[in-house]
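Protein chains in written order, with the working numbering: chain A, -3 to 361; chain B, 551 to 985.
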């Protein structure tokens, strides 16, 4: 029998901001937001992968009825090609109306705060906001300020959850593995090396947090200046290997990262030495990873972390990554705007009416 | 001026070694008499004193906070001297020392005097801490002698630490001649640019740049070396809001070597750890940042073993719109005046069995002595009639919605505390009455 527990004031736990204390569901837009991969259960990951496949395969006209005329705002404080375009195409593919707000051509330039910008978009009818921001944690602020579902399209050095999900989809298809196995074993037995500027990479964080939960082993590889030892504390299933060749030898998948020049503060990298030790070129790949699948979240700096022959070579799935972005992001937008019932397995799109979801409380967890 | 008889209470006055039932007569803004219960009835009647019943309450010298930001002049939207000292009174503080990072920076006799003016409507005595260098720019010393004459009790560039060795050396020497301590916010800002929390695994996971422990400890060690060079003089270094075990160890060593160094710790540094940042909670953002559990424990130990001289709140009000920003953009600091006593009673007294007398020493007697605030932090006859009456066991919930401060940036909103201020008396004037 469930017993009733009195709600007591916390005495040693810290309460969130006043604006956030209305409850967990308003704080993060509920389970419909995606701010960090750590909020996803492995079941969520499986559901998102299945939904992506289903939506991708769907007849475009039927698909465009799913979120017909629903309003999705794309709020971009940082430049982006892949992420922005694929989120936009994903929203449009589901029939939603999109509005793009970028920091250069909006009142953000006049000093409007993120909070006010979010409230303005909500007042204009936005039902979901996709946020790219240069400051880590910005999506949490937007979620608590607006109560809307927020999709994190990359926040500072923190996370890029949709990238990690599209990477998983790409890995599964490159490995010819089914995506409908139990979430915990999706990548069982697979070793993924993530190589380069781990310190400044939100892609690295999201992948390093997510992949081990799906059964993969993650090797982080890079020089100490770009990969501090405390990266190990991100979670279980992560090791550090400074020698790229040794990492490559153990890996089914190698994910290359660019050096984020814009975030290097006080870190000085000898680029010649870096390329000698960490560049993925044909010779290295042939010698130590002849079967390895090559990934890169983009943008690539050809000739620095990766050479063209590898990026465009037969082992590369870099373009598939981009392609998978649309399917994964359709699933995420659908999840953000749809009722919680699982949609996977449905044949058609019964929800046509553009009914607004209540922004607040929903039952369950 | 009217008189007040506080009777039936438990007087805790570490300066006189008293922890016993006593009645207290306040007259003309001073402590007139302190006697066994009942003995002051006639004197009180003669003085036509207001009677304050203190049965079940602790009667202690008003608390002294040597590190607050009152934001005036210049940032009255965050706090004014009136609102900040009202918050102080509600928290049991009768004396606050105001840091100079106002607009303009308090580096002048005029601003120092202005802050103490009657027009400020203070509910507690305000002692300015003047800037150690002009504009807190770290280049040229201010006029310590005349600032002291105008009422300044220390010099500091607080949030803008004095990094230059030569200028810090000069500041210590000049302050010693003037009989003032130099208060340093120990942070080597050359290695904390762009940082917004403690360095470590959590900062790494959150994608935030972290302030290393060495940024604090390194500058403390540098300052102690300069202090050692001046040994024989009367130079006094006071380390503000200590937050790391490494810096505390440096202070301990220096003290064993006979240097005149003192230090303070803020309640949040012995109550909270960096985990309070959680999902980018800007009310857990301050400088120095919340640290690891081992550092928090070291701060507690320092309080227990006496190597930390006093508790100071670093009360730093900010407007809601400033804190409701991206974590990296939000300003540092939290309010602290109204939660300090409750937190300290809970953690030090209740959990760690620190005596009330020792607790009052940390919150009143020692901070007053540190900055040489004559007649404060004591209930000895002739002292200022600065008194706090609190119920040491009453349970209450701290709510920022009920704060006297203009700002609500506290991570302790909604915390249940035990130990409630019932009355605060500043120089004989009742400035706060709690329910």
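Heads up, the beta-carbon is just placed ideally off N, CA and C, and yes, glycines get one too. Every value quoted in this text rests on a predicted model; they were computed, and no experiment measured them.
- Counting C-beta atoms within 10 angstroms of its own C-beta, residue 267 of chain A has fewer than 16 neighbours from the protein chains shown and is therefore classed as exposed.
- Taking each of A/86, A/39, A/61 and A/297 in turn and checking the Cα distance to residue 328 of chain A, the smallest one comes out for A/86.
- Residue 883 of chain B sits away from residue 956 of chain B, with the two beta carbons spaced by 9 Å or more.
- Sequence-distant Cβ neighbours of residue 274 of chain A in its own chain, meaning closer than 8 Å and more than five residues away, are 191, 192, 217, 218, 219, 240 and 301.
- Burial state of residue 901 of chain B is exposed, judged by a 10 Å Cβ sphere holding fewer than 16 other Cβ atoms.
- Unbroken beta strand (DSSP E) stretches of 3 residues or longer found wholly inside the stretch 28 to 94 of chain A: 67 to 72, given in chain order.
- Between residue 297 of chain A and residue 255 of chain A, the C-beta gap is smaller than 9 Å, which places the two residues in contact.
- The C-beta distance from residue 145 of chain A to residue 29 of chain A rounds to 5 Å, short enough to fall under 8 Å.
- Counting of Cβ neighbours within 10 angstroms places residue 852 of chain B among the buried residues, the total reaching 16 or more.
- Of the other Cβ atoms in all chains shown, 16 or more fall within 10 Å of the Cβ of residue 888 of chain B; this residue is therefore buried.
- Here the alpha carbon of residue 866 of chain B sits roughly 16 Å from the alpha carbon of residue 792 of chain B.
- Looking at the DSSP output, residue 613 of chain B sits in a beta bridge with B/643.
- Under the three-state reduction of DSSP, residue 209 of chain A is assigned to helix.
- Interface flag for residue 751 of chain B against chain A is set, since a Cβ pair is found closer than 9 Å.
- Counting along the chain, residue 909 of chain B sits inside the alpha helix (DSSP H) bounded by residues 906 to 910.
- Residues of chain B with a Cβ closer than 8 Å to the Cβ of residue 131 of chain A are, in chain order, 876, 877, 878 and 879.
- Annotation: the continuous alpha helix (DSSP H) that includes residue 796 of chain B extends over 795 to 806.
- Counting only runs of at least 3 residues, the stretch 688 to 766 of chain B fully encloses the following beta strand (DSSP E) elements, listed from N- to C-terminal order: 732 to 734.
- According to the DSSP assignment, residue 973 of chain B belongs to the beta strand (DSSP E) that extends over 966 to 976.
- Here DSSP, grouped into helix, strand and coil, assigns residue 577 of chain B to strand.
- Beta-bridge analysis with DSSP links residue 312 of chain A to A/290.
- Per DSSP, reduced to three states, the secondary structure at residue 245 of chain A is helical.
- Nearest Cα to residue 958 of chain B within the set B/599, B/763, B/627 and B/686: B/627.
- Between residue 657 of chain B and residue 718 of chain B the beta-carbon gap is near 16 Å, outside 8 Å, which marks them as no contact.
- If you look at residue 558 of chain B, you'll find it in the beta strand (DSSP E) that goes 553 to 563.
- If you draw a straight line from the Cα of residue 789 of chain B to the Cα of residue 854 of chain B, it comes to about 18 Å.
- It is roughly 42 Å from the alpha-carbon of residue 871 of chain B to the alpha-carbon of residue 166 of chain A.
- For residue 79 of chain A, not one C-beta of chain B is nearer than 9 Å to its own C-beta.
- Take the alpha-carbon of residue 277 of chain A and the one of residue 305 of chain A: they are about 7 Å apart.
- Within the model, the alpha-carbon separation for residue 232 of chain A versus residue 670 of chain B is close to 57 Å.
- Within the stretch 858 to 876 of chain B, contact with chain A at the beta-carbon level (separation under 9 Å) is assigned to 870, 871, 873, 874, 875 and 876.
- Rounded to the nearest angstrom, the gap between the Cα atoms of residue 760 of chain B and residue 282 of chain A is 39 Å.
- 151, 152, 153, 154 and 155: these are the residues of the stretch 146 to 174 of chain A whose beta carbon lies less than 8 Å from some beta carbon of chain B, given in chain order.
- Residue state for residue 324 of chain A is assigned as helix, using DSSP reduced to three classes.
- Residue contact with chain B for residue 66 of chain A: absent (no Cβ-Cβ distance below 9 Å to any residue of chain B).
- When the alpha-carbon of residue 859 of chain B is set against those of B/915, B/703, B/713 and B/804, the nearest one is in B/915.
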